[in-house]
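Colleague: Quick one: structure below, then a few questions.
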Amino acid sequence: GAGVSQSPRYKVAKRGQDVALRCDPISGHVSLFWYQQALGQGPEFLTYFQNEAQLDKSGLPSDRFFAERPEGSVSTLKIQRTQQEDSAVYLCASSLGRSSPLHFGNGTRLTVT
Amino acid sequence: AQKVTQAQTEISVVEKEDVTLDCVYETRDTTYYLFWYKQPPSGELVFLIRRNSFDEQNEISGRYSWNFQKSTSSFNFTITASQVVDSAVYFCALSEGKDDMRFGAGTRLTVKP
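For the record, the sequence lines run as chains A and B.
Quick note: the first sequence uses my numbering, first residue 10, plus one each step.
Quick note: the second sequence uses my numbering, first residue 936, plus one each step.
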């Protein structure tokens, strides 16, 4: 497809489990962002990649969160030892570059029980 | 520190009314970009407009218009003759020297028939 694809759409994890969320950006988009959106809130920045380089990870809430984009295309957001406060929608977005409009995926809704 | 403030949490109007969504931003950069995104009930964020800091011209696109005023650090969004399909959460966002984009908390607009 032509848009940003995220999988899975829904993920239920038991507290303490590790999860991996995948993002397949639009082909040719060098910039890739991850955001966390809690219910009724705006997207909160987590991390940013330019190609395979992670240029900003200042928004990752703890060292349990890890993101990678090894070949400059698909990205994975990993959350280790999930906690209930990690429950949110995780949004991936890609763009052509600096300050270009973001194209968002449908998100992955993570529920930690 | 909150860089984008959308003071209106929820707005409800009746179809065909005009409605303005407020956005106030904070930055020390001279070069920056402002955005509006729409998040309909389906959940996917959709890009509406981008404005750079050097272009204060107002913009009109159909029933949508945007008023950018650097003197008051505001980038307000007006929908004229609102329709039920305009019901969504609207986010204002700011992109500064770094490439990451920061979002406001959003304004939930409900347009009643």
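Even glycine gets a Cβ: it sits at the ideal position worked out from N, Cα and C.
1. Counting only C-beta atoms, is Asp33(A) closer than 8 Å to chain B at any point?
2. Cutting at 7 Å between CB atoms, please list the residues of its own chain near Ala1040(B), excluding the five before and the five after it.
3. Return the bridge partner residues of Asn60(A) from the DSSP annotation.
4. The beta strand (DSSP E) that contains Ile1109(B), what's its start and end?
5. Quick check on the burial criterion: 16 or more other C-beta atoms within 10 angstroms. Buried or exposed for Gly114(A)?
6. Which bits of chain B does Leu111(A) rub up against, with CB to CB less than 7 Å?
7. Just how far apart, CA to CA, sit Ile946(B) and Leu41(A)?
8. Let me know the secondary structure DSSP gives Thr944(B) once reduced to three states.
9. For Glu961(B), which residues in chain A fall below 7 Å Cβ to Cβ?
10. State the CB to CB distance for the pair Thr1042(B) and Leu956(B), rounded to an integer number of angstroms; the pair is presumed to be in contact (CB under 8 Å).
Modeller: Taking the definition as stated:
1. As a working mapping, residue 33(A) is identified with position 24 in the first sequence. Not one chain B Cβ lies under 8 Å of Asp33(A).
2. Counting from 1 along the second sequence, the entry for residue 1040(B) is found at position 105. Cβ within range, chain order: Gln941.
3. Within the first sequence, the letter at position 51 stands for residue 60(A). Among the bridge pairs identified by DSSP, Asn60(A) is matched with none.
4. Nothing can be reported for residue 1109(B), as the shown portion of chain B is limited to 936 through 1048.
5. Counting from 1 along the first sequence, the entry for residue 114(A) is found at position 105. Burial state of Gly114(A) is buried, judged by a 10 Å Cβ sphere holding 16 or more other Cβ atoms.
6. The residue given as residue 111(A) occupies position 102 in the first sequence. In chain order: Phe982 and Met1036.
7. Taking the first residue of the second sequence as 1, we reach residue 946(B) at position 11. Taking the first residue of the first sequence as 1, we reach residue 41(A) at position 32. The alpha-carbon atoms of Ile946(B) and Leu41(A) are separated by roughly 32 Å.
8. Residue 944(B) sits at position 9 when you count from the first residue of the second sequence. Of the three classes helix, strand and coil, the one that applies to Thr944(B) here is coil, per DSSP.
9. In the second sequence, the residue the question calls residue 961(B) occupies position 26. Within chain A, no residue comes near Glu961(B); the closest Cβ sits about 15 Å away, beyond 7 Å.
10. Counting from 1 along the second sequence, the entry for residue 1042(B) is found at position 107. Counting from 1 along the second sequence, the entry for residue 956(B) is found at position 21. A Cβ-Cβ separation of about 5 Å places Thr1042(B) in contact with Leu956(B) under the 8 Å criterion.
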